[in-house]
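Using the working numbering, you'd call the opening residue of the sequence shown number 1489 and step up by one each time.
Beta carbons are placed, not taken as given, at the ideal position from N, Cα and C, and that holds for glycine.
Structure first, then comments.
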Amino acid sequence: MVVAILGWLAIAAFGGMAQGTLSQVQENDSSAFLPASAESTRAGDRASEFTQTDTLPALVVVTSDDDAALTEEQLGAGQAFAESIGDLELPGGELVADVLTGPVVAVPSEDGEALLIPVSIDGSEADRLVGEEEDRVSIAVVEAIRAEAPNALDDAAMTAWVTGPGGFVADLVSAFGGIDGILLAVALVVVLVILVIVYRSPVLPFAVILTSVFALCLAALVIKPLAGNDVLQLNGQSQGILSILVIGAATDYSLLLVARYREELTRHRHPGAAMRAAWRASLEPIAASAGTVIAGLLCLMLSDLGSNASLGPVAAIGIAASFLAALTLLPALLLLGGARSRAVFWPRRPVFGGADVAGPQRAGLWQRVADAVTRRARPVWVVTLLGLVALAAFVPTLRADGTGESDVFRGEVEAVAGEEVLAAHFEVGQVEPIQVVVPEASGQAVIDAVTGVEGVASASLFTEDGDSAGQPGQEPAEPAEPLVVDGLVLVQVVTEASAESQEATGVAADVRVAAHEADPESLVGGAAAERLDTQETAASDLRTIVPIVLVVIFIMLVLLLRAIVAPLLLLVANVVSFAATMGLAAIVFNHVLDLPGADATVPLYGFVFLVALGIDYSIFLMTRVREESLQHGTREGVRRGLAVTGGVITSAGLVLAATFSALAVIPLLFLLQIAFIVAVGVLIDTFVVRSLLVPGLVHDIGRTVWWPWARRVPQDNRQAS
């Protein structure tokens, strides 16, 4: 016991530091997640041969506070501000000019009401860490500009916004910054409140919370070196999900162990003996639960998207850490008092009733629920199933084709506001044009084809002097010879919409069709095409991974329950539950909240988390039902199992739903949607599927549910049915 606690204290010491610095090994560039086979990836590799440097542009757009044309004085102030940007100091003493690819100049708009200051950050320097806080160079540049802008422009009655790719990356990282602090704080406080209500003890909730926190430290201790050495990729979304998943899972496993420990304390005089019995009884369902979730999550490694593929092992490591903490640290904490360890339950300490005590007497709510369900099992499960199917009918209305960068954020952020100002005064499609790499002989044919695509403003060849689409507000230079590399030319396609928008993604799809018709060997890339490939890959992953997850979970359930009918029943019930949840999500997202859509990965994440996590509660129920069925028959086993597990499973479901709800504090659309889907789905699994649908079905089917190994289960007493 002492060794276990000392070992976990060491893990917490080093893992706590790793958890606090996980953001340093994040990779939030969506292009890095695409497979090498994606067309935009191949196009990007070839397009890079046409330029000497890779850049990350941050666009500073400046307007007058009175929305009027800029005066000569304001134009001068804007130009002076542009010239001063290179002299701004970064953390660690470097100057902004040291990480730029060229001088900074101010470009006036045609309407005379705005200035654009393109700041081209060297792509090879963008992710380098600087300063004591170890900020990325790109973030530090944006923050330095935003801090200086009011000092330089307020006297001239002007306002500046930093937008473009650099601005969006900075705001995205800032949004994820809440993961290390606010998210964990909210999740832990919510869980603590629920545990205090459940246990009504001033001590026990803190033992469970410590178990969850130490599990998170262990997960971070393993994940950070793996991500830092590029063994796996960690982005902000994965880190947020990891934190919530570990806290929720560790708490759920702890609740199950504590409930069984409390039960065994009524049968064993010494707490140590009670813990040994509880540990043995809890090991199988907790291991089965953790193993099922891990197996389901690891199926994400089959994804062609690096972000999805890496979330699988990241989350699986978190579940494994939760499992280890619940079965090693928590028992040690609960037994710290030795023979007086019952005190952790104060003021409701379990009373030893003798070794022959059959189990806890349940005369409360869940005994009444169990009696009601088993008395009218068939009407209960039929009505419940019809209600779930009715919700599932709305699934086709869910808009999950993807969103633009400006739709990712909830609330106002500077990059989004700046993009709107930029679009009002400049041709924003010039910032990140669609890139088409094509054989030299087909260059003009591709230009003619893509120019006719709706949403395309212009198309031109990249020339030897480096002229391309340029920056918004810049007039193209005099025509020059196109640059030819290995017999290929680069066509720059400027869209009317910003490359960060979903509209540009649709245009990229049409450009790709037109370019392929003009020359099948053409490759279409660029930011909009990368988003298109990401969305199409996510849709393909959903079709590939879902069947595999179902097969893996089915096999795990067969091994656990020693049956085929029961696992099949549980799997179908959880799929129906998932469909009902997504149907409800469609209603809420489309009509109640009027959201702009959903990321293409939302359905996949929702499926993996809900089916893998939702099956937990059915596992907790059915392992106890099987245990009771071996002694009393299936129908009586259902009644006893539901009555005994009702309280702990409900508490576990509330904890998991509450922890995932904490993701909503991060102001990002994706995490809000995942928070809603998982939280609501878990509640449906807890209160509907596990409490009504599954018990009703199992009771109605009876002993046959354990087929083909049902002979060990005694025949049902007809009075129990």
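query, result
"Classification of V1719 by the beta-carbon crowding that lies within 10 angstroms, buried from 16 upward", "exposed"
"Cutoff 8 angstroms: S1791 Cβ touching any chain C Cβ", "In summary, chain C is missing from the structure at hand, where a single protein chain is found."
"CA nearest to the CA of G1800, picked from D1643, T1739 and Q1727", "Q1727"
"As assigned by DSSP and simplified to three states, the class of L1793", "coil"
"Distance, T2133 Cα to E1752 Cα", "14 angstroms"
"A1965 in three-state terms, based on DSSP", "At A1965, the pLDDT of 48 sits below 50, so the modelled position is not reliable; the number obtained from the coordinates is stated separately. Three-state result, A1965: coil."
"Entirely enclosed alpha helix (DSSP H) segments - the region 1834-1901, minimum 4 residues", "1853-1863, 1865-1880 and 1893-1896"
"For L1576 and A1645, the rounded distance between their alpha carbons", "21 angstroms"
"Distance cut-off 7 angstroms: A1860 Cβ against heavy atoms of the ligand SAM", "Although the ligand SAM was asked about, the structure shown includes no ligands whatsoever."
"Extent of the continuous alpha helix (DSSP H) to which A2146 belongs", "T2122 to S2149"
"8 angstroms CB neighbourhood of W1834 in its chain, flanking five on each side removed", "S1689, P1690 and V1691"
"Bounding residues of the alpha helix (DSSP H) (the contiguous stretch that carries Q1980)", "Element bounds for Q1980: not the alpha helix (DSSP H) but the beta strand (DSSP E), L1976 to T1983."
"Three-way DSSP call (helix, strand, coil) for G1655 in this model", "helix"
"Given 8 angstroms, three or more beta-carbon pairs between the region 1904-1924 and the region 2094-2102", "no"
"At least three beta-carbon pairs within less than 8 angstroms, the region 1972-1987 to the region 1921-1938", "yes"
"Close beta carbons around T2111, own chain, < 6 angstroms, minus the five adjacent residues each side", "P1773"
"Start-to-end residues for the beta strand (DSSP E) that takes in S1552", "T1543 to S1552"
"Beta-carbon gap between A2051 and L2181 smaller than 8 angstroms", "no"
"Beta-carbon contacts of V2153 that lie in its chain and below 7 angstroms, excluding the five residues immediately before and after", "G1666, I1670, L1671 and V1674"
"Cut-off 7 angstroms between Cβ atoms - residues of its own chain near F1502, not counting five sequence neighbours on either side", "L1709"
"Between the CA atoms of V1678 and L1824 - distance to the nearest angstrom", "26 angstroms"
"A1506 versus R1856: straight-line alpha-carbon distance, rounded", "48 angstroms"
"A1778 versus G2141: straight-line alpha-carbon distance, rounded", "15 angstroms"
"Contacts around S1528, its chain only, beta-carbon distance under 6 angstroms, and the 5 residues preceding and following it disregarded", "G2013, A2017, E2018 and D2021"
"Range of the contiguous beta strand (DSSP E) that encloses P1927", "I1922 to P1927"
"P1819: first and last residue of the uninterrupted alpha helix (DSSP H) it sits in", "L1818 to L1822"
"Beta-carbon proximity of A1858 to R2127, cut-off 8 angstroms", "yes"
"Rounded straight-line distance, which links the Cα of A1987 to that of A1568", "29 angstroms"
"Test item: CB-CB of G1611 and L1544 under 8 angstroms", "yes"
"Separation of E2005 from S1798, as counted between CA atoms", "35 angstroms"
"Under 8 angstroms between C-beta atoms of T1647 and T1551", "yes"
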